[in-house]
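J.:
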Amino acid sequence: MLFEINIILELLICISSIPFNFLFFYIIFTSKEVDLKWRITLFLLFISSILMSFTHLARTLICVWISGFEMHPIYANFGNYYSLYIVYFHEIGFCLQSFSLLAFSLVILMTIFNQKSKFFENLGFFIFILISLGLSIFLPYFLYIVRERILTLLFFTTLDISTLLILIFASKKSKTHYKSKMGSVNLEQRYQLSQVLNWTKSMIPSVIFAKWTRFVSISSIIYVESKNGGEFERTLIYSIYNSFLDVFMILLAVGIFLRHRKFRKISKDLKTIDGHVIKQNPSQQDYISYLKNQWN
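Numbering-wise, my numbering puts 34 at position 44 of the sequence shown, and it's gapless, one number per residue.
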């Protein structure tokens, strides 16, 4: 009974996560305040989520088609019966999610300190993106062929903790910089600091949720394997964890959407000489004033 309920929930979460992935895509490519480097890292996050959602859905549908809603060896040993490509691409998305979030954290950190040497900053960014893509392709092989799960857990735990610490530090630092340099920075720099705080506040809760569930799930799988646990326990933990990854993207998209929608309700009405009312979109200065009030 537990397995049947889990399968039904998996299918519902998988299908629900797909439109939220595209909502996230819509937000990052229609948001005027997101610069190129931010867009690239968030686009990679979108790609990673799409890979995980579709491969998770494909794996679940094929297994249900073969074995119904009963626990069957073919579900637990999916890779032995069908192509490992689905699992491999899912793990590429898994790795890419971690690296894209780390890249995003580093980009907003660079935005705060506003380095003058943009050439080396941009060069370092694109080198990091290329390395991240390469590792995202290689690490799934390390996970499933070499099967070094302990080292993988330690690596991703370190990566996740670093990402969280950078995000929290960036959020605090952007607020401090804004208040301490009110008269010494130009409008563009103040606007960038405001956007750092806005995006980090939107992302931190869902990132904490994703990183914690990742650590607990992988630790549980390693524990079950070390105790010679059955395929049922291992598969159940793995499927629940995949569902949590989909829930993470739903929470992230909803959080960012609600935070940006809250501000975009603010509009300025201007009247022409003949009394005609013109509605204007919020300007950068409006964003700064709004965010400043939110901090107080």
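All residues carry an ideal CB built from backbone N, CA and C; glycine is no exception.
By how many angstroms is the C-alpha of Asp25 removed from the C-alpha of Val197?
T.: Each residue's Cα considered, the two are about 21 Å apart.
J.: Could you please give the first and the last residue of the uninterrupted alpha helix (DSSP H) stretch that includes Ser90?
T.: Run containing Ser90: 75 to 103, per the alpha helix (DSSP H) assignment.
J.: Determine the DSSP secondary structure at Asn70, reduced to helix, strand or coil.
T.: At Asn70, the pLDDT of 45 sits below 50, so the modelled position is not reliable; the number obtained from the coordinates is stated separately. Three-state result, Asn70: helix.
J.: Does the count of Cβ pairs from the segment 1 to 8 and the segment 38 to 49 closer than 8 Å reach three?
T.: Flag = yes, the segment 1 to 8 and the segment 38 to 49 touch.
J.: Taking the alpha-carbon of Trp189 as reference, which of Met42, Ile(-2), Ile246 has the nearest alpha-carbon?
T.: Ranking Met42, Ile(-2), Ile246 by Cα distance to Trp189 puts Ile246 first.
J.: With DSSP run on the structure shown, which of helix, strand or coil describes Asp25?
T.: Here Asp25 sits in coil by DSSP.
J.: Check whether the segment 194 to 210 touches the segment 6 to 18, taking contact to mean three or more Cβ pairs, one atom from each stretch, closer than 8 Å.
T.: Because the criterion of three Cβ pairs below 8 Å is not met, the segment 194 to 210 and the segment 6 to 18 do not touch.
J.: Roughly how many angstroms separate the alpha carbons of Ile121 and Phe128, rounded to a whole number?
T.: Spanning the two alpha carbons is a distance of roughly 10 Å.
J.: With distance defined between alpha-carbon atoms, name the residue in Leu41, Ser90, Phe238 nearest to Glu81.
T.: Of Leu41, Ser90, Phe238, the residue nearest in Cα terms is Leu41.
J.: Measure the alpha-carbon distance for Gly124 versus Ser164 and round it to whole angstroms.
T.: Those two C-alpha atoms are separated by around 31 Å.
J.: Going by CA-CA distance only, name the one from Ser88, Ile119, Phe115 that's closest to Phe145.
T.: Among Ser88, Ile119, Phe115, the Cα nearest to that of Phe145 belongs to Ser88.
J.: Compute the Euclidean distance between the alpha carbons of Phe79 and Asp236, then round it to the nearest angstrom.
T.: Going from the Cα of Phe79 to the Cα of Asp236 covers about 15 Å.
J.: Pick out whichever of Ser210, Trp202, Lys201, Ile(-2) has its Cα sitting closest to the Cα of Cys53.
T.: The residue with the shortest Cα to Cα distance from Cys53 is Ile(-2).
J.: Run the CB neighbour count on Trp28, radius 10 Å, all protein chains shown included, and call it buried at 16 or more, exposed below.
T.: It counts as buried.
J.: Within 10 Å of its beta-carbon, does Ile31 have 16 or more other beta-carbons around it, so buried, or fewer, so exposed?
T.: Looking at the sequence itself, residue 31 is Thr, so the reference to Ile does not match. Counting Cβ neighbours within 10 Å, Thr31 comes out buried, since at least 16 surround it.
J.: In chain order, what residues of the same chain have a beta carbon less than 7 Å from the beta carbon of Leu99, not counting five sequence neighbours either side?
T.: So the qualifying residues of the chain are Ile156, Ala160.
J.: Would the beta-carbon of Leu91 fall within 7 Å of that of Thr148?
T.: Not a contact, by the Cβ cut-off of 7 Å.
J.: Could you tell me which of Ser126, Leu51, Glu(-6) sits nearest to Ile37, measuring between CA atoms?
T.: Considering only alpha carbons, the answer is Ser126.
J.: Distance check for Phe115 and Ile18, CA to CA, integer angstroms please.
T.: Each residue's Cα considered, the two are about 19 Å apart.
J.: Using 10 angstroms around the beta-carbon of Glu0, count the other beta-carbons present and answer buried if the total reaches 16, otherwise exposed.
T.: With 16 or more other Cβ atoms within 10 Å, it is buried.
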